[in-house]
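One structure is given here, and the rest of the page talks about it.
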Amino acid sequence: MSQPARLVSAKILEQVLLQRGSLSTQISKHIADVDYDEQGLAKELCFGVCRYYPQLNTIALSLLSKPFEEKDLDLYAALLMGLYQIEHMSTPDHAAVHESVELCRQLDKEWATKLMNAVLRRYQRERDDILENLASQPSMAYNLPKWLVKRFKKWETEFEAIVEATNAHPPMCIRVNESHVSRETYKELLEEKDTVSRETAFSVSGLYLESALPVSMLPNFDKGDASVQDESAQLAASLLAPSAGERVLDACAAPGGKTGHLLELAPELDLTAVELEPWRLARIESNLERLGVSAELICGDASKPEEWWNKQAFDKILLDAPCSATGVIRRNPDIKINRKPDDISALVDIQASILDATWKTLKQGGYLLYATCSLMPEENEQQMASFLERTQDAQELPLNTLAPTLSVDFGKSVSHGMQIFPTLNGQDGFYYCLLQKQ
Ligand SMILES: C[S@@+](CC[C@H](N)C(=O)[O-])C[C@H]1O[C@@H](n2cnc3c(N)ncnc32)[C@H](O)[C@@H]1O
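Using UniProt numbering, the final residue of the sequence shown is 438, and nothing's skipped along the way.
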């Protein structure tokens, strides 16, 4: 039996606050509990609360005499949802309060109804003073956790634009499968469905849609004519420029966006895709099936090739490493809640071990394209600097060595590789560096 959208949203957000998995995982697990017509509301509440969490959390804590205990984080989620509805949705204030009080009952916490009512009514009455008092806090000014503000400020010139793009709704970007249909023709097919799009500036096969659509509405989506993929991510396969017969490793492959793109560019590629998580490997499989292409799929740890590698060296490697995802916070706003500064050094170690291990599987003269969707220099240019220092036979090459016609002014050249910043209506934050084994 279906459940109210707000109740399911509070439970999803409780799981996120308890750090029991990402927002997208929790949504895909629980969204079917909500009637189809109400699923949009549930997603808006979940994404909205995460997107505005730094501000909503600061406001909520200022209204409470003591924070909620861990066992009552469902109530805290309900309070954040109430504040979100007052601040960012067209729900009338009295309805937002009423629904939040009702939610306490649905959560079987009748004892909290008076508290919820009192806290939200006080916010309604004293909103302007409360916001003025809190205005100087970084979480309020930038809607980001303090540690991220500090990190992003290191990008002095780009700081304001990073914050603006990070807090915005991301644009919907698709990659046209040009082995099936040209970008121009696909743009016309979209127009026939009253969907306006514009060409991506750097990727040669991308289109930004003026407004987001469910994938089922994209012309011939089920036949593999288009895939949802950000513009920065579309550059990976183009930069690696695969050609028929080459032996290529996609080292951290799920959900397979770049695996599919590599095969669209060169269907005769000898491609091996390795992914650690079995359930994520299944997503590569369904993506490739939709595109009508195939690769050798391996569930394995890229940092332990001795467990899966057949000793035939690769011509090219794409290492799209697990990272802090700080360049794509607008698509995964729960990062504002769950990512902690200590995570970065742990990720740097994992990336380094995958780099060292996969390097051994690359043939002499072969290329490795290192990529992350991070804005942290430790995971990017500094990671490359350390790798180049400890790896005698590694050399950095200009990023478009393999794709000389591709313009590479999409990012900022840093000490090693290229840092791409998120832009308001454009690409996500990303990083690329091309290496060759001497
Ligand atoms: C940034 S995502 C890759 C996105 C993918 N390349 C695409 O374009 O769709 C990183 C992936 O690496 C996987 N991963 C993390 N550690 C790994 C490891 N040691 N070996 C293989 N895969 C790993 C994660 O589960 C995740 O699916």
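Built from N, CA and C at the ideal position, the CB exists for glycine as well.
DSSP beta-bridge partners of residue i
i           : result
F314        : L362
V436        : The displayed chain sequence assigns Gln, not Val, to residue 436. DSSP, once it has assigned bridges, lists Y367, Q395 as partnering Q436.
R198        : Y208
I354        : Looking at the DSSP assignment, I354 forms no beta bridge with any residue, so it has no partner.
L271        : V248
Y84         : Note: Y84 sits in no beta bridge, so no partner.
A226        : V176
residue 446 : Because the chain spans 1 through 438 in this model, residue 446 falls outside it and cannot be assessed.
For residue i, three-class secondary structure by DSSP
i    : result
G411 : coil
Y52  : coil
C373 : coil
S65  : coil
Q137 : coil
V3   : Looking at the sequence shown, residue 3 is not Val but Gln. Looking at Q3 - three-state DSSP - the assignment turns out to be strand.
V34  : strand
G426 : coil
G260 : helix
F221 : coil
S182 : coil
S22  : coil
E277 : coil
T405 : coil
L79  : helix
G40  : helix
T91  : coil
N400 : coil
K193 : coil
N380 : coil
H169 : coil
Y213 : Here residue 213 is Leu; the residue named in the question, Tyr, does not match the sequence. Three-state DSSP puts L213 in coil, outside helix and strand.
S9   : helix
Near ligand 1: residue i beta-carbon under 8 Å from a heavy atom
i           : result
R280        : yes
I335        : no
C252        : yes
L276        : yes
K258        : yes
S303        : yes
P255        : yes
D320        : yes
C173        : no
I420        : no
T372        : yes
A10         : no
residue 441 : Lying before the first or after the last residue shown, residue 441 is absent from the chain, which here runs from 1 to 438.
I329        : no
I344        : no
I350        : yes
A60         : no
C433        : no
I27         : no
A236        : yes
H317        : Here residue 317 is Ile; the residue named in the question, His, does not match the sequence. Every heavy atom of ligand 1 is 8 Å or more from the Cβ of I317, so no.
residue 460 : For residue 460 there is no data in the structure shown, the boundaries of the chain being 1 and 438.
Contact check, residue i vs residue j, beta carbons under 9 Å
i    : j    : result
L189 : N220 : yes
A241 : L402 : yes
E378 : S413 : no
V16  : V34  : no
K363 : P305 : no
L131 : F410 : no
L75  : M116 : yes
T259 : L288 : yes
L375 : I162 : yes
I337 : T326 : no
G426 : T166 : no
P398 : Q351 : no
G300 : E275 : yes
L64  : V101 : no
A218 : I174 : The question names Ala, but residue 218 is Leu in the sequence shown. Contact: yes.
R290 : A254 : no
A96  : K11  : no
Y367 : G417 : no
L213 : P171 : no
Residue-chain proximity (residue i, chain E), Cβ-Cβ < 9 Å
i    : result
L369 : Judged by its chain identifiers, the structure shown contains no chain E, having just a single protein chain.
Distance cut-off 8 Å: residue i Cβ against heavy atoms of ligand 2
i    : result
A295 : Among the ligands in the structure shown, ligand 2 does not appear; only ligand 1 can be found there.
| Going along the chain, which unbroken runs of the beta strand (DSSP E) with 3 or more residues stay wholly within the region 294–344? | Along the length of the region 294–344, whole beta strand (DSSP E) runs at least 3 residues long occupy 296–299, 314–320, reported in chain order.
| query | What runs of the alpha helix (DSSP H), each 4 residues or longer, lie entirely inside the region 108–158? | reply | Every unbroken stretch of the alpha helix (DSSP H) spanning 4 or more residues and falling wholly within the region 108–158 is given here in chain order: 113–134, 138–142, 146–153.
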